[in-house]
Amino acid sequence: MKLSLRQKLFLSIFGATAMALLSVFFFVYWSINYGFFEYLNQIEQSRLEQLGMRLSTLYAQSKNWQFLKDSPEMFYQLLENINNNQPSLQFPPRPHLPFPPFVVLDMDKNPVVGDSSDIKNLKCKPIFYEQEIIGYIGIRSPKHFLSPPQIDFLKKQKTALLIIVASVLLFVGIFSISISKYLIYPLKEMAKATNKITAGNYSARVSVSSADEIGKLAKNFNEMALALEKNEKARRQWIADISHEIRTPVTILRGEVEAIIDGIRPLNLETINSIHNEILRLNRLVEDLYQLAISDIGTLNYHKEKIDLKNLLIKSVQTYFQEFNKKNIKIRIEVAQEPVNIYADKERMQQLLSNLFDNSLKYTNSGGQLIIRLVSDKKQTTIEFEDSEPGIREEELNKIFERFYRVETSRSRKTGGSGLGLAICKNIVEAHGGTISAFPSSIGGVLIKIILPQNEL
9 MKLSLRQKLF LSIFGATAMA LLSVFFFVYW SINYGFFEYL NQIEQSRLEQ LGMRLSTLYA
69 QSKNWQFLKD SPEMFYQLLE NINNNQPSLQ FPPRPHLPFP PFVVLDMDKN PVVGDSSDIK
129 NLKCKPIFYE QEIIGYIGIR SPKHFLSPPQ IDFLKKQKTA LLIIVASVLL FVGIFSISIS
189 KYLIYPLKEM AKATNKITAG NYSARVSVSS ADEIGKLAKN FNEMALALEK NEKARRQWIA
249 DISHEIRTPV TILRGEVEAI IDGIRPLNLE TINSIHNEIL RLNRLVEDLY QLAISDIGTL
309 NYHKEKIDLK NLLIKSVQTY FQEFNKKNIK IRIEVAQEPV NIYADKERMQ QLLSNLFDNS
369 LKYTNSGGQL IIRLVSDKKQ TTIEFEDSEP GIREEELNKI FERFYRVETS RSRKTGGSGL
429 GLAICKNIVE AHGGTISAFP SSIGGVLIKI ILPQNEL
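Once you know that position 430 of the sequence shown is 438 in this note's numbering, the rest is easy, because the numbers rise by one and skip nothing.
Put into C-alpha cells, the structure is as follows:
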C-alpha cells in the first residue's frame with residue numbers, strides 16, 4: 009500500500025511519540041511496582057527486627073520453641089501488638105484465618121509457626137540469644153500478602169498512568185493530524201498550481217507563508233512559474249516577430265509582382281533587381297532564423313581548436329574597412345603585438361566578429377568611430393566593440409541581445425538587419441563558456457564587451 013506524504017508525516021510523528029510514551033509508561037509502571045514493594049519490604053524489615061527481639065525474650069524463658077508450637081495464638085498476638093505500635097500490614101490474630109507472611113524456624117530451619125509452604129523463597133533473619141543463633145524468622149514477598157486497600161491503591165495508580173498515556177497519545181494523534189495537514193498544505197497548493205501550469209496557465213502562483221524550506225520551495229516555484237510565463241510570452245512574441253519579419257519582404261515581392269502583372273511597372277532590369285534584393289533580404293532573414301534556431305537547441309557544430317584571434321580580427325577589419333569608409337566611420341584597433349591564441353571554433357568566431365561589425369556599421373551615425381580592443385591574459389580574453397552615437401538608454405542595454413529587439417519603437421527597417429545578429433552572438437559566446445554584456449560607451453554609443461575563458465590551450 010502506497011502512503012501519501014501526509015500519512016507518512018502523521019505516522020512518523022505519532023509513531024515516534026507513541027514509542028517514547030510507551031517506554032516511559034513501562035518504566036513508570038515498573039517503578040511503581042518496585043518502589044511500592046520496596047517500601048513494604050522496608051516496613052516489614054523493621055517489624056522483623058522487633059519481632060525477633062520479642063521472640064528471643066520469650067525463648068529465654070523455656071530455652072526452646074515448644075511454647076509457640078503449643079500456642080500459635082501467642083505468635084499472632086505478638087504480631088498484633090507490633091501492628092498496633094507501627095502502622096503497616098494488618099494481619100488477623102486468629103489461626104483459622106490466612107497465615108501472616110512471617111514464619112518462625114528453629115536453628116535447623118524447620119518450621120515452628122506460620123505458613124511454611126514456600127520456605128525456599130523466604131527472606132530469613134537470624135534470632136539471637138546470648139550471641140548464639142537460636143532460630144530464624146522469615147518473611148514472604150509482599151506480593152503474596154497485599155491487603156485490599158493496597159491492591160486498590162496499585163490499581164488506581166496504574167489506571168491513572170494508563171489514562172495519562174492514552175490522553176497524551178490522543179492529543180499527539182490530533183496534533184499529528186493537524187501538523188501534517190499544515191505542512192502538506194503548501195505542497196498541495198503547489199501541486200494545484202503545477203496542474204494549472206501544465207494546462208497552460210503560467211500565471212499560477214502559490215502563497216509564501218513561511219521562511220523555512222517549504223517557504224523557500226514555494227518561492228522557487230513562483231520564480232520558476234514567472235520564468236515560464238516570461239518564456240511563453242517570449243515564444244509568442246518570437247512567433248509574432250517572425251511573422252512580421254517575413255511578411256515585410258513577402259509583401260514587397262507580392263506588390264512588385266502584382267504591379268508587373270497589372271502592367272503598372274515594366275518588366276525591366278531595374279524591377280528584376282528590386283525583386284532580387286528583396287529575395288536576398290528574405291534569404292538572409294531565413295538564414296539568420298536558421299542559425300539562431302540551431303544554436304538555441306545546441307546543434308551548431310563546434311570544432312574547437314587553437315586559433316589566433318588577433319589575426320582573425322585584423323582580417324575582419326580589412327573585410328569591413330570599405331563599408332565603414334563609405335559611412336565615414338573611423339576604425340581604431342587596440343591590440344597587443346603578440347598573437348592572441350584561444351581555444352575556439354574558427355568559423356563561429358568569424359561569425360561572431362562579423363555580426364559585431366554589422367551591428368556597429370548599421371547603428372553608428374556617419375562621421376562616427378568604432379574602437380576595437382583585444383586584451384588577453386592567462387585566465388581570459390576580452391573583446392570590446394565601442395562605437396559612437398547614437399546611444400541606448402541604460403535600461404535597454406541588456407535587451408539588445410534579445411531576438412528581434414530594436415531600439416526603434418516603430419520597428420522600421422531603415423537601419424536594415426533582422427534584429428537577430430546580437431542574439432546569435434550571445435549563443436556563440438555562451439557556447440564557448442563566455443559572457444557578453446552591453447554598457448554605455450564613453451564616446452556616446454554602445455560598448456559591447458565579450459569575455460572568453462582561456463582553457464585547453
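For glycine and all other residues, C-beta sits at the position ideal for the given N, C-alpha and C.
{"Item": "N-terminal and C-terminal residue of the beta strand (DSSP E) that Pro347 is part of", "Value": "It is not in any beta strand (DSSP E) - Pro347 carries neither H nor E in the DSSP assignment."}
{"Item": "Where Gly271 sits in the DSSP three-state scheme", "Value": "coil"}
{"Item": "Straight-line gap, Phe229 to Glu221 (C-alpha atoms, nearest Å)", "Value": "12 Å"}
{"Item": "Tyr137, DSSP secondary structure in three states", "Value": "strand"}
{"Item": "Gln388, enclosing beta strand (DSSP E) - first and last residue", "Value": "Gln388 to Ser396"}
{"Item": "Entirely enclosed beta strand (DSSP E) segments - the region 425-462, minimum 3 residues", "Value": "443-448 and 452-461"}
{"Item": "Contact check, Leu378 vs Asp395, beta carbons under 9 Å", "Value": "yes"}
{"Item": "Cβ neighbour criterion (16 or more within 10 Å) applied to Trp38", "Value": "exposed"}
{"Item": "Neighbour flag for Tyr310 against chain B, beta carbons, 9 Å", "Value": "Protein chain content of the structure displayed is limited to a single chain, and chain B is not contained in it."}
{"Item": "Inter-residue CB distance, Ser184 and Phe33 (contact presumed, cutoff 8 Å)", "Value": "Ser184 to Phe33, Cβ: 18 Å. No contact."}
{"Item": "Ile400, DSSP secondary structure in three states", "Value": "coil"}
{"Item": "Under the three-state DSSP convention, the category Tyr144 falls into", "Value": "strand"}
{"Item": "Closest by C-alpha distance to Glu403, when choosing among Gln388, Thr389, Ser445 and Gly441", "Value": "Ser445"}
{"Item": "Buried versus exposed, by CB contacts within 10 Å (16 or more), His104", "Value": "Note on His104: pLDDT 41, under 50, position unreliable in the model; the coordinate value appears next. His104 comes out exposed."}
{"Item": "Start and end residues, alpha helix (DSSP H) containing Gly122", "Value": "Element bounds for Gly122: not the alpha helix (DSSP H) but the beta strand (DSSP E), Pro119 to Gly122."}
{"Item": "Cβ pair Thr443, Ile459 closer than 9 Å", "Value": "yes"}
{"Item": "Per-residue burial, Gln98 [other beta carbons within 10 Å of its own, 16 or more giving buried]", "Value": "A caution first: Gln98 carries a pLDDT of 44, below 50, which makes its placement in the model unreliable, though a value can still be read off. Answer is exposed; the Cβ neighbour count stays below 16."}
{"Item": "C-beta atoms of Leu177 and Leu29 nearer than 9 Å", "Value": "yes"}
{"Item": "Length of the line joining the Cα atoms of Gly453 and Lys407", "Value": "15 Å"}
{"Item": "Between the CA atoms of Ile268 and Pro274 - distance to the nearest angstrom", "Value": "6 Å"}
{"Item": "Bridge partner(s) assigned by DSSP for Arg381", "Value": "Glu342 and Glu392"}
{"Item": "Rounded separation between Lys386 and His252 - CA only", "Value": "45 Å"}
{"Item": "Where Arg356 falls, given that 16 or more other Cβ within 10 Å makes a residue buried", "Value": "buried"}
{"Item": "Status (buried if at least 16 other CB within 10 Å, exposed otherwise) for Gly23", "Value": "exposed"}
{"Item": "Three-state secondary structure assigned by DSSP to Ile187", "Value": "helix"}
{"Item": "Spatial neighbours of Leu300 in its chain, beta-carbon cut-off 8 Å, leaving aside the 5 residues before and after", "Value": "Arg411, Leu428, Ala431, Ile432 and Asn435"}
{"Item": "C-alpha gap between Val120 and Ile172, whole angstroms", "Value": "48 Å"}
{"Item": "Buried/exposed call for Ser450, threshold 16 Cβ in 10 Å", "Value": "exposed"}
{"Item": "Secondary structure of Ala207, DSSP reduced to three states", "Value": "coil"}
{"Item": "Residue range of the unbroken beta strand (DSSP E) whose run includes Lys334", "Value": "Unbroken run through Lys334 is the alpha helix (DSSP H), Leu317 to Lys334; no beta strand (DSSP E)."}
{"Item": "C-alpha distance - Leu234 paired with Ser362, whole-angstrom precision", "Value": "35 Å"}
{"Item": "Nearest-angstrom Cα separation, counted from Leu170 out to Asn89", "Value": "39 Å"}
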